[in-house]
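A short write-up of the structure that comes next.
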Amino acid sequence: MPMRLLKLKVNGRVRQIAAAHSALLLDVLRDTLNLTGSKQGCDGGECGACTVLVDGQPRLACITLAATVEGQAIETVEGQVRGGEMSRLQQAFHEKLGTQCGICTPGMIMAAEGLLRRVPNPSEQEIRDALAGNLCRCTGYTKIIEAVQAAAAEVAQ
Amino acid sequence: MKDSHAPARPAAPPTHSIGVRTPLIDGVEKVTGAARYTADLPVGPTLVGAIGRSPVAHARIRSIDASAALAIPGVRAVITGEDFSAPYGVIPITQNEWPLARGRVRYRGEPVFAVAAEDQASAFAALAAVRVDYEELPAYFTAEAARAADAVQLHDKKPGNLERVVEQDFGDVDAGFAAADLVVEKRFESAEIYHGQIELNATIAQWDPVQRRLTVQSVTQVPYYLHLTLAQTLGLDESQVRVIKPYVGGGFGHRVEPLNFEMATAALARAAGGTVKMELSREEVFLTHRGRPHAFVDLKIGLTAKGEITALQAEVVQRGGAYGGYGLVTILYAGALLHALYKVGAVRYRGFRVYTNLPPCGAMRGHGAVSVRFAIEALLDEAAAKLGIDAFALRRANLIEAPYRTLNDLQVNSYGLPQCLDAVERASGWHERRGKLPKGVGLGLACSHYVSGSAKPVHWTGEPHAVVNLKLDFDGSITLLTGASDIGQGSSTLMAQVAAEVLLLPMDRIRVISADSMLTPKDNGSYSSRVSFMVGNATLRAAESLKRLLVEAAAKRLNVTPEQIEWLGERCVVTGSDQGLGFADCVQAALAEGGTITVKGAWSTPPETQGGKFRGAAVGSTAGFSYAAQVVQVRVDEDTGSVQVEKIWVAQDCGKALNPLALEGQIQGAVIMGMGEGLQEETEYHEGLPLRTNLIDYRLPTIAETPTIEVALIESNDPLGPFGAKEGSEGALHGCPPAIANAIADALGLRLAAIPLTPDRVLDALRARQRERKLAALRREKEVA
Numbered sequence: 002m003p004m005r006l007l008k009l010k011v012n013g014r015v016r017q018i019a020a021a022h023s024a025l026l027l028d029v030l031r032d033t034l035n036l037t038g039s040k041q042g043c044d045g046g047e048c049g050a051c052t053v054l055v056d057g058q059p060r061l062a063c064i065t066l067a068a069t070v071e072g073q074a075i076e077t078v079e080g081q082v083r084g085g086e087m088s089r090l091q092q093a094f095h096e097k098l099g100t101q102c103g104i105c106t107p108g109m110i111m112a113a114e115g116l117l118r119r120v121p122n123p124s125e126q127e128i129r130d131a132l133a134g135n136l137c138r139c140t141g142y143t144k145i146i147e148a149v150q151a152a153a154a155e156v157a158q
Numbered sequence: 057m058k059d060s061h062a063p064a065r066p067a068a069p070p071t072h073s074i075g076v077r078t079p080l081i082d083g084v085e086k087v088t089g090a091a092r093y094t095a096d097l098p099v100g101p102t103l104v105g106a107i108g109r110s111p112v113a114h115a116r117i118r119s120i121d122a123s124a125a126l127a128i129p130g131v132r133a134v135i136t137g138e139d140f141s142a143p144y145g146v147i148p149i150t151q152n153e154w155p156l157a158r159g160r161v162r163y164r165g166e167p168v169f170a171v172a173a174e175d176q177a178s179a180f181a182a183l184a185a186v187r188v189d190y191e192e193l194p195a196y197f198t199a200e201a202a203r204a205a206d207a208v209q210l211h212d213k214k215p216g217n218l219e220r221v222v223e224q225d226f227g228d229v230d231a232g233f234a235a236a237d238l239v240v241e242k243r244f245e246s247a248e249i250y251h252g253q254i255e256l257n258a259t260i261a262q263w264d265p266v267q268r269r270l271t272v273q274s275v276t277q278v279p280y281y282l283h284l285t286l287a288q289t290l291g292l293d294e295s296q297v298r299v300i301k302p303y304v305g306g307g308f309g310h311r312v313e314p315l316n317f318e319m320a321t322a323a324l325a326r327a328a329g330g331t332v333k334m335e336l337s338r339e340e341v342f343l344t345h346r347g348r349p350h351a352f353v354d355l356k357i358g359l360t361a362k363g364e365i366t367a368l369q370a371e372v373v374q375r376g377g378a379y380g381g382y383g384l385v386t387i388l389y390a391g392a393l394l395h396a397l398y399k400v401g402a403v404r405y406r407g408f409r410v411y412t413n414l415p416p417c418g419a420m421r422g423h424g425a426v427s428v429r430f431a432i433e434a435l436l437d438e439a440a441a442k443l444g445i446d447a448f449a450l451r452r453a454n455l456i457e458a459p460y461r462t463l464n465d466l467q468v469n470s471y472g473l474p475q476c477l478d479a480v481e482r483a484s485g486w487h488e489r490r491g492k493l494p495k496g497v498g499l500g501l502a503c504s505h506y507v508s509g510s511a512k513p514v515h516w517t518g519e520p521h522a523v524v525n526l527k528l529d530f531d532g533s534i535t536l537l538t539g540a541s542d543i544g545q546g547s548s549t550l551m552a553q554v555a556a557e558v559l560l561l562p563m564d565r566i567r568v569i570s571a572d573s574m575l576t577p578k579d580n581g582s583y584s585s586r587v588s589f590m591v592g593n594a595t596l597r598a599a600e601s602l603k604r605l606l607v608e609a610a611a612k613r614l615n616v617t618p619e620q621i622e623w624l625g626e627r628c629v630v631t632g633s634d635q636g637l638g639f640a641d642c643v644q645a646a647l648a649e650g651g652t653i654t655v656k657g658a659w660s661t662p663p664e665t666q667g668g669k670f671r672g673a674a675v676g677s678t679a680g681f682s683y684a685a686q687v688v689q690v691r692v693d694e695d696t697g698s699v700q701v702e703k704i705w706v707a708q709d710c711g712k713a714l715n716p717l718a719l720e721g722q723i724q725g726a727v728i729m730g731m732g733e734g735l736q737e738e739t740e741y742h743e744g745l746p747l748r749t750n751l752i753d754y755r756l757p758t759i760a761e762t763p764t765i766e767v768a769l770i771e772s773n774d775p776l777g778p779f780g781a782k783e784g785s786e787g788a789l790h791g792c793p794p795a796i797a798n799a800i801a802d803a804l805g806l807r808l809a810a811i812p813l814t815p816d817r818v819l820d821a822l823r824a825r826q827r828e829r830k831l832a833a834l835r836r837e838k839e840v841a
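So the protein lines, in turn, are chains A and C. First residue of the first sequence? That's 2 in the working numbering, and the numbers climb one at a time after it. First residue of the second sequence? That's 57 in the working numbering, and the numbers climb one at a time after it.
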């Protein structure tokens, strides 16, 4: 299998790895870099559990070739804890029970992070639009919306 | 257990953890990505496992030739059904499934062989290289076809492919119908649906070839049953096996029985002499299935003019799929839970569980009762309209007064349905708004109930239903050891709350270790909503026992009697004096008696809650029924047939809300699962080939179409539940599909009897009505002419 060296900037740190040309970003994150926070819940692009940010934009890592994001800033859920503090979204998902089993949570948080950076004070409809590609089977979504709203309110203060 | 002295004594910790909105104790791990699920676990050098599946729906296996596969470099093992010692099945009397098919395949996608290889590419090459010779047999994809007189039997001694026929009569049904002022009758249909947990199935099996020990980490809800089944199918002694449940990404019943891939992974690890990791694709998770069966429900209800139910008769046919699984329990639940929600004059039940050449169905949230509840609540709504009675009034005409013994010997000890009805009637503005809504908008009501744990476990050994250990050590922290499987519902958090409440200690003193057969006491698993009730009760007793030890030790140290000690958690005092001990000193005093302390709490369901004596009576029996009522508001687009649920008001009698935050989350999740079932979810097959094996075509509800769900928690204080609590995870699901159907009836005047209520179905019904009206108009014109 043809391999190449890739320089990936993940959570602010440059990581040089060898990967197949066809390597998917999700597999590189999980298997090579041991960043297992991003999850795989489907056979490709169906569930949103693998959502990461690439240059601030939500992307599905399971259908993104790692080689195509070389040099871009990749952020995963693990990078959201800074200086021992969870991000406002992580805090809100925890406190408001936006998470139950937790398997969709990293993707949900990263998609919401992308939204709050674009729209710091989103309407309920904007939250629904931004998270429409992220499936959750546990919560019925009500508490996920409340968590995003709580995090947004904290930003606004 | 509240400390009535707390306000007067500022030294006491705040009272306390029960009834407090408590985030999950493992929530930080989940939101930071630190939580390790099975597929995330670091296990060192690992082989890749993969499963070869049947391309045909029904066939004899003439031969399997693995020689070409074994010749591929990197391939370490190929196994078949012959590598197992015994068949399995979660119900001891219907064990007719092999982890890999043996001699015969009965559904398309059934595992036939499995391979372990050094990497994925060689594993997939091996799958393609194994040659299986099949001799095809006739296959049946509907219950009707499988029941035909000349159909080939899928399993021995099952004529008509009937896995189980249930015949139950309680009370004088014919007299009940004769006494009725109105008899309504209809056939209902509900589609086969699937759990849709977001975590893919995965198992890691480690075989130590020298010491002959097996360690399995898997996505299970039932580590204990998995443990038993691994030993049985691999021919190992149970003491050679260790089962660990890591973080689990949802279950909803998919993982409530040991599954074929788990045993296949273990057998591969043994065959290859190492560690094998098996990760299934989403398509394979669909093939593993175990969801809710397709069902026909022929229902007949008799009512008095006042709306009292004089008799109820239901015939249920479930398309069970190829193997037993939980099938006989599912068909018994459908009959048992015709009772215990309302007072019913007499009940006749006929249940038929049918084997077909499709992936096996199993237990799914709301197990067994959802299809019949849809039928009953929809038909009651129709009856109310015919009698000119309000939907709420009709339910109120049939309320139970607890304690109550149902006709089929179920025990109802607490009954908050009246308060649930009041709550959603008020919250939805039912009387003010109904009939005054815009065109296409309607409101619908439905009620439901469910068990707080099956009063008799599947494997009846005579042991207590739940056991919890607490360990207290030198550092003053308490380790709670439980076999209970937290699968996201928050059971570990709940157990910590219960222990903290009894001991009046802060939550962070309690740490939970769960579901590792080497460390934790046996637990039957997370199913039938048993954990809060049963494990909660065991935890309560363990904590009381620990508290007694601490109080006794403190009394001895202070030279007083235990009765003189007032326990305040972080410290205790001698009543009426200023003498006392801090918690650290209490712990030290207790440890001085004999070192590290381990106490046990155990709980069993009382015999009077374990059901009657007739065949199948154990199913449906429980120590506590939860109750729920919900009102759904829909908006129907008459041009497209699409139904939008705009709002749901739900109230659930949870006995006592131990963790209101988690309960709301459970209820909201259950209701939306019901909404998916009511509106959009359906598996579909063509000649046994599943057509919707991905999360695009199989339509789980998304955040885009999910309404806000307003939850009211009703506390009926159950006499047996821990602090009065009952289940909170399933009971509200059943009511959602019928509430939607009833709301559509309110909006359109159309009564639809099949779920999911897809745009096609709604549009067909609208068009049929239009045609009917046109024809009627033509007939009138002719008559006039």
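Think of the CB as a built atom: it goes at the ideal place given N, C-alpha and C, for glycine as much as any other residue.
| Query | Result |
| --- | --- |
| Would you list, in chain order, the members of the stretch 297 to 308 of chain C that have their beta-carbon closer than 9 Å to a beta-carbon of chain A? | Y303, V304, G305, G306, G307 and F308 |
| Go ahead and label D802/C buried or exposed: buried means 16 or more other beta carbons lie within 10 angstroms of its beta carbon, across all protein chains shown. | buried |
| Considering only their Cβ atoms, is the gap separating S582/C from I543/C smaller than 8 Å? | yes |
| Give me the Cα-Cα distance between M57/C and G75/C, rounded to the nearest whole angstrom. | The pLDDT assigned to M57/C is 34, lower than 50, so where the model puts this residue is not dependable, and the model offers no usable value. |
| According to DSSP, what are the bridge partners of Q209/C? | Partner(s): none; Q209/C has no beta bridge. |
| Give me the residue from A599/C, P663/C, R160/C and Q176/C with the minimum Cα distance to L776/C. | P663/C |
| Can you list, in chain order, the stretches of the alpha helix (DSSP H) that have 4 or more residues and sit fully within the stretch 658 to 685 of chain C? | none |
| Quick one: residues in its chain with C-beta nearer than 8 Å to the C-beta of P459/C, no 5 flanking neighbours on either side, listed in chain order? | Q467, V468 and N469 |
| On the DSSP bridge assignment, give the partners of E144/A in chain order. | Residue identity check: residue 144/A is Lys in the sequence provided, not Glu. DSSP output for K144/A lists no bridge partner at all. |
| In terms of alpha-carbon separation, which member of A361/C, S141/C, T259/C and Q644/C lies closest to A287/C? | S141/C |
| Short of 6 Å in beta carbon distance, which residues of its chain neighbour M574/C, apart from the five on each side in sequence? Order them along the chain. | R298 |
| Once DSSP output is grouped into helix, strand and coil, what is the label at A320/C? | helix |
| My assumption, with CB atoms under 8 Å, is that T285/C sits in contact with Y144/C. Please give the rounded CB distance. | 5 Å |
| Tell me, please, whether the CB atom of I104/A is closer than 8 Å to any CB atom in chain C? | yes |
| Are the Cβ atoms of G667/C and S677/C separated by less than 8 Å? | yes |
| Using the C-alpha atoms, what's the distance from L536/C back to R604/C? | 17 Å |
| Rounded to whole angstroms, what's the CA-CA distance from L706/C to Q374/C? Just pull it up for me. | Residue identity differs from the one stated: residue 706/C is Val in this sequence, not Leu. If I take the Cα positions, the gap works out to 29 Å. |
| For A50/A, which residues in chain C fall below 7 Å Cβ to Cβ? | I254 |
| Along the beta strand (DSSP E) that carries L526/C, what are the first and last residues, could you check? | A522 to L528 |
| So which residues on chain A does V84/C lean against when the C-beta distance must stay under 9 Å? | M87, Q91 and H95 |
| Which word fits K838/C, buried or exposed, when buried means at least 16 other C-beta atoms lie within 10 angstroms of its C-beta? | exposed |
| Using C-beta distances below 8 Å, list every residue in its chain close to I159/A, excluding the 5 sequence neighbours before and after it, in chain order. | Because residue 159/A is not part of the residues shown, which for chain A are 2 to 158, the question remains open. |
| If I measure Cβ to Cβ from P63/C and keep anything under 7 Å in the same chain, skipping five residues before and after, which residues do I get? | Note that P63/C scores 37 on pLDDT, short of 50, meaning its location in the model is unreliable and no value can be drawn from it. |
| Quick one: residues in its chain with C-beta nearer than 6 Å to the C-beta of V643/C, no 5 flanking neighbours on either side, listed in chain order? | G532 |
| So, does the stretch 518 to 532 of chain C touch the stretch 589 to 604 of chain C, judging by three or more C-beta pairs under 8 Å? | yes |
| At a Cβ cut of 8 Å, what residues of the stretch 66 to 85 of chain A count as close to chain C, listed as they run along the chain? | T77, V78, E79, Q81 and V82 |
| At what residue ranges does the stretch 264 to 336 of chain C contain a whole run of the beta strand (DSSP E), taking only runs of 3 or more? | 269 to 274, 297 to 300 and 331 to 335 |
| Ordered along the chain, which non-local residues of its own chain (more than five positions away) have a Cβ less than 7 Å from that of V15/A? | K8 |
| Leaving aside the five residues before and after R326/C along the sequence, list all residues of the same chain whose C-beta is less than 6 Å from its C-beta, in chain order. | W263 |
| Kindly list, in the order they appear in chain A, the residues whose Cβ is closer than 7 Å to that of P79/C. | H95, E96 and L98 |
| Taking its Cβ as the centre, do 16 or more other Cβ atoms sit within 10 Å of M2/A, making it buried, or is it exposed? | exposed |
| On a CA-only basis, which of K830/C, A821/C and N715/C is nearest A781/C? Give me that one, please. | N715/C |
| Using the Cα positions of G108/C and V400/C, report the straight-line distance between them to the nearest angstrom. | 50 Å |
| CB-CB under 7 Å to E191/C, same chain, minus the five flanking residues each way: which ones, in chain order? | A115, R116 and R118 |
| Between which two residues does the alpha helix (DSSP H) containing F430/C stretch? | V426 to L443 |
| List the residues of chain A whose Cβ lies closer than 7 Å to the Cβ of R92/C, in chain order. | T37 |
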